[in-house]
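Chains as they are written, first to last, in the working numbering: chain A, 16 to 132; chain B, 141 to 253. Even for Gly, the Cβ is constructed at its ideal location relative to N, Cα and C. Just so it is clear, the structure is predicted and the values come from calculations on it, not from any experiment. Remarks on the structure that follows.
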């Protein structure tokens with residue numbers, strides 16, 4: 016148990032479906048991230064939220080729609096996806112700076128494996 | 141902009157042999173450096189991090205890494221590989237002020253009996 020929980024762990028959907036991925040953290044962190052991990056490609060940052068506000072959108076197609084209702088929950092709404100969107104979607108959270116203990120550590124969830132047919 | 145280069149997308153080592161994973165970074169400011177490990181069907185887990193102070197950093201599972209500013213490197217080592225070390229390893233860099241991490245492409249480690 017890493018402190019960041021992602022559901023579902025596996026999802027299969029058609030290109031016309033609408034589904035959502037959920038991420039939850041109870042670490043008291045204020046920042047949350049969505050990453051996409053595809054086979055044979057580097058980890059791709061998608062979105063960053065700080066205190067519920069989106070601070071980064073890394074040119075992600077609009078068929079991916081994030082939502083952050085509070086600092087503990089992050090969603091990724093999916094609609095009209097393409098087969099190339101099949102990947103492992105990783106959520107991570109990040110606490111505030113603590114200079115002595117070391118900052119910027121990301122705590123990752125186990126990921127949601129998405130297959131688009 | 142920051143970047144991370146991990147030399148070798150795949151590394152094969154024998155059980156009991158030295159594990160050496162290479163990471164070079166570029167950063168315009170003093171970096172924070174990280175190594176993460178990803179086991180099959182899991183998320184990334186922090187192995188160790190360098191922020192300030194001692195340049196040799198010890199992490200979990202017997203891994204350690206040394207920050208060498210002159211070489212802009214942060215190579216990861218373990219003296220003796222175990223079968224359980226088979227995983228993918230990611231090096232990452234960030235600025236020192238609450239910034240996001242930039243990850244390398246990852247190195248997959250295979251441990252042979």
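With DSSP run on the structure shown, which of helix, strand or coil describes residue i?
i, result
"residue 113 of chain A", "A caution first: residue 113 of chain A carries a pLDDT of 47, below 50, which makes its placement in the model unreliable, though a value can still be read off. In this structure, residue 113 of chain A counts as coil in the three-state DSSP scheme."
"residue 223 of chain B", "helix"
"residue 59 of chain A", "strand"
"residue 99 of chain A", "helix"
"residue 33 of chain A", "strand"
"residue 210 of chain B", "helix"
"residue 201 of chain B", "helix"
"residue 192 of chain B", "coil"
"residue 68 of chain A", "strand"
"residue 75 of chain A", "coil"
"residue 161 of chain B", "strand"
"residue 171 of chain B", "coil"
"residue 42 of chain A", "coil"
Residue i: buried (16+ other C-beta within 10 angstroms of its C-beta) or exposed?
i, result
"residue 149 of chain B", "exposed"
"residue 256 of chain B", "Lying before the first or after the last residue shown, residue 256 of chain B is absent from chain B, which here runs from 141 to 253."
"residue 108 of chain A", "buried"
"residue 40 of chain A", "buried"
"residue 234 of chain B", "buried"
"residue 62 of chain A", "buried"
"residue 180 of chain B", "exposed"
"residue 66 of chain A", "exposed"
"residue 23 of chain A", "exposed"
For residue i, would you say it is in contact with chain B, using Cβ-to-Cβ distances shorter than 8 Å as the test?
i, result
"residue 125 of chain A", "yes"
"residue 81 of chain A", "no"
"residue 117 of chain A", "For residue 117 of chain A, the pLDDT reaches just 49, beneath the cut-off of 50, and the residue's location in the model is therefore unreliable, leaving the point undetermined."
"residue 2 of chain A", "Nothing can be reported for residue 2 of chain A, as the shown portion of chain A is limited to 16 through 132."
Smallest Cα separation from residue i: which of the options?
i, options, result
"residue 246 of chain B", "B:143, B:141 and B:147", "B:147"
"residue 44 of chain A", "A:120, A:132 and A:129", "A:120"
"residue 214 of chain B", "B:223, B:232, B:222 and B:226", "B:232"
"residue 210 of chain B", "B:161, B:151, B:145 and B:166", "B:166"
"residue 212 of chain A", "A:128, A:110, A:77 and A:82", "The requested residue 212 of chain A is not part of the displayed model; chain A covers only 16 to 132."
"residue 95 of chain A", "A:125, A:130, A:62 and A:64", "A:130"
"residue 228 of chain B", "B:234, B:235, B:239 and B:216", "B:216"
"residue 182 of chain B", "A:110, A:92 and A:105", "A:105"
"residue 221 of chain B", "B:152, B:141, B:197 and B:212", "B:152"
"residue 84 of chain A", "A:99, A:46, A:52 and A:73", "A:46"
"residue 42 of chain A", "A:22, A:88 and A:58", "A:88"
"residue 176 of chain B", "B:250, B:169 and B:187", "B:187"
"residue 249 of chain B", "B:144, B:239, B:241 and B:158", "B:158"
"residue 164 of chain B", "B:205, B:251, B:253 and B:239", "B:205"
Whose Cβ in chain B lies nearer than 8 Å to the Cβ of residue i?
i, result
"residue 63 of chain A", "240"
"residue 120 of chain A", "174, 186 and 189"
"residue 105 of chain A", "183 and 184"
Does any C-beta atom of chain A lie closer than 8 Å to the C-beta of residue i?
i, result
"residue 184 of chain B", "yes"
"residue 156 of chain B", "no"
"residue 230 of chain B", "yes"
Starting from residue i, find everything on chain B with Cβ-Cβ shorter than 9 Å and list it in chain order.
i, result
"residue 60 of chain A", "240, 241, 242 and 243"
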